[in-house]
Amino acid sequence: MKIIKTLAAVAALGIAAMSYSAHAADKGLIGVLMPTKTSQRWINDGDAVKSQLEKLGYTVDLQYAQDDIPNQLSQLENEITKGPKALIIASIDGTTMADALQKANDAGVVVVAYDRLIKKTPNVDYYTTFDNFGVGVIQANSLVKGLKERFPNTKPWNVELFGGSPDDNNAFFFYNGAMSVLQPLIDDGSIKIKSGQMGMDKVGTLRWLAATAQARMDNLLSANYSDGSRVDGVLSPYDGLSRGITASLRAVGYGTDAQPWPIVT
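Add 8 to the 1-based position in the sequence shown for this note's numbering, that's all there is to it.
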């Protein structure tokens, strides 16, 4: 499997060896399978991919699975029967697609894993993603910078950690990138994880759901901060989780002069 960085490169290398002219005759069907419409991010990505491929002369069938694994597998199976040139898949669970992708391979369909790695199958031709480890580094550096600016006289800073969905390969890169920055500060006592919850097995948030993050933050606050201590920072890899986290914090009085907002990435 080749790792490439832009959709244009995917189109050039794998989808078709044809002219880039937006005015050419229809070049065939491309199926685009996105995980959910509950996040604006995936709506934007789906619209952008569809728009760019249509400019290149392809017909695009864009579908969303609403974070339902069987639904996405059904969409994938159905898409293969339509005889597409290629499939671009942002998987909900990248470990569940081996059988369907064998059918795609047998039919000569090019498969592109979009943003999320598809595992347990050799039948993925391309993988396009971000530098997810680097994103985690940036998020952690932002957290540390905010802690220094907002709470310069506090040490250690009380911080809680949130990770993405454990069935999403990217979540581990985000977390590991962030921890490459935070772990030295934990080790030297500058940061304290008051709950003691560390590692993706403890801090992962299934399906990246805001409600799940909010419920966990509720539990962290009641179990670890009812003694009057303050949360100074929260590592969150995704805005959707951050909204759930801030809702939990607001409910117990954060966001006032007496109890200022923590830094939430």
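For every residue, glycine included, the Cβ atom is placed at its ideal position computed from N, Cα and C.
For this session: Below 8 Å on the Cβ atoms is my guess for THR295 versus LEU229; work out the distance and round it to an integer in Å.
Result: Beyond the ends of the chain as shown, which are 9 and 273, falls residue 295; an answer cannot be given.
For this session: Check whether the Cβ atoms of ALA218 and ARG251 sit closer than 8 Å, and answer yes or no.
Result: yes
Exercise. Tell me which same chain residues have a C-beta within less than 8 Å of the C-beta of GLU87, skipping the five on either side of it?
Worked result: GLY39, LEU41, ASP69, GLN71, LEU95
Exercise. For VAL118, which of helix, strand or coil comes out of DSSP?
Worked result: strand
Exercise. Among the residues of its own chain, which have a CB less than 7 Å from the CB of ALA30, if the five just before and after it don't count?
Worked result: With a pLDDT of only 40 at ALA30, under the threshold of 50, the placement of this residue in the model should not be trusted; the figure read from the coordinates follows. For ALA30, where only same-chain residues beyond five positions count, the Cβ hits under 7 Å are LYS63, LEU64, GLY65.
Exercise. In this structure, does DSSP put LYS200 in helix, strand or coil?
Worked result: strand
For this session: Express the C-alpha separation of ASP247 and LYS200 in angstroms, rounding to a whole number.
Result: The straight-line gap from Cα to Cα measures roughly 23 Å.
Problem set entry | For TYR122, the nearest candidate out of ALA112, GLY116, THR137 (CA to CA) | Nearest of ALA112, GLY116, THR137 to TYR122, Cα basis: THR137.
Exercise. From what residue to what residue does the alpha helix (DSSP H) around GLY185 run?
Worked result: 177-195
Exercise. Candidates ALA179, GLY142, LEU81: which alpha carbon is nearest GLY212's?
Worked result: The candidate whose alpha carbon is nearest that of GLY212 is ALA179.
Problem set entry | Own chain partners of MET206 with C-beta closer than 7 Å, once the 5 adjacent residues on each side are dropped | LEU169
Exercise. Over what stretch of residues does the alpha helix (DSSP H) that includes GLY144 continue unbroken?
Worked result: 140-158
Exercise. Tell me the DSSP bridge mates of LEU37?
Worked result: THR67
Exercise. Taking one C-beta from the region 99-106 and one from the region 49-61 each time, how about it: are there three or more such pairs within less than 8 Å?
Worked result: Proximity of the region 99-106 to the region 49-61 falls short of the contact definition, fewer than three beta-carbon pairs being nearer than 8 Å.
Exercise. If LEU84 and ALA108 are in contact, beta carbons under 8 Å, what's the gap, nearest whole angstrom?
Worked result: Correct: roughly 5 Å between the Cβ atoms.
Exercise. Is it buried or exposed for MET9, if we count other Cβ within 10 angstroms and need 16 for buried?
Worked result: Unreliable placement is indicated for MET9, whose pLDDT of 46 sits below 50; the coordinate value is still reported in the next sentence. By the neighbour-count rule (16 or more Cβ atoms within 10 Å), MET9 is not buried but exposed.
Exercise. Expressed to the nearest angstrom, what Euclidean distance is found between the alpha-carbon atoms of ASP75 and PRO43?
Worked result: 5 Å
Exercise. Whose CA, out of THR129, ASP139, LEU155, PRO130, lies closest to the CA of TYR183?
Worked result: Nearest C-alpha to TYR183: ASP139.
Problem set entry | Whether ALA112 touches VAL119 by CB criterion (8 Å) | For ALA112 and VAL119, yes; Cβs fall inside 8 Å.
Problem set entry | Span of the beta strand (DSSP E), counted from its first residue to its last, around VAL242 | 241-243
For this session: Determine, using beta carbons only, whether ILE271 and LEU193 come nearer to each other than 8 Å.
Result: no
For this session: Starting from VAL167, follow the beta strand (DSSP E) in both directions and report where the run begins and ends.
Result: VAL167 -> beta strand (DSSP E) spans 165-169.
Exercise. What are the boundary residues of the alpha helix (DSSP H) that includes LEU95?
Worked result: Where LEU95 is concerned, there is no enclosing alpha helix (DSSP H), although the beta strand (DSSP E) it sits in stretches over 94-97.
Problem set entry | Other residues of its chain near ASP209: CB distance less than 8 Å, five sequence neighbours each side excluded | PRO174
For this session: Helix, strand or coil for LYS13, going by three-state DSSP, please let me know.
Result: Confidence at LYS13 is low in this model, with a pLDDT of 39, below 50, so the placement of that residue should be treated as unreliable; the coordinate-derived value is given next. LYS13 falls in the coil class under three-state DSSP.
Exercise. In chain order, what residues of the same chain have a beta carbon less than 6 Å from the beta carbon of GLY154, not counting five sequence neighbours either side?
Worked result: Taking GLY154 as the centre and dropping the five residues before and after it, the same chain places the C-beta of ILE271 closer than 6 Å to its C-beta, in chain order.
Exercise. TRP216 to SER256, Cα distance in whole Å?
Worked result: Between TRP216 and SER256, the alpha-carbon positions lie close to 16 Å from each other.
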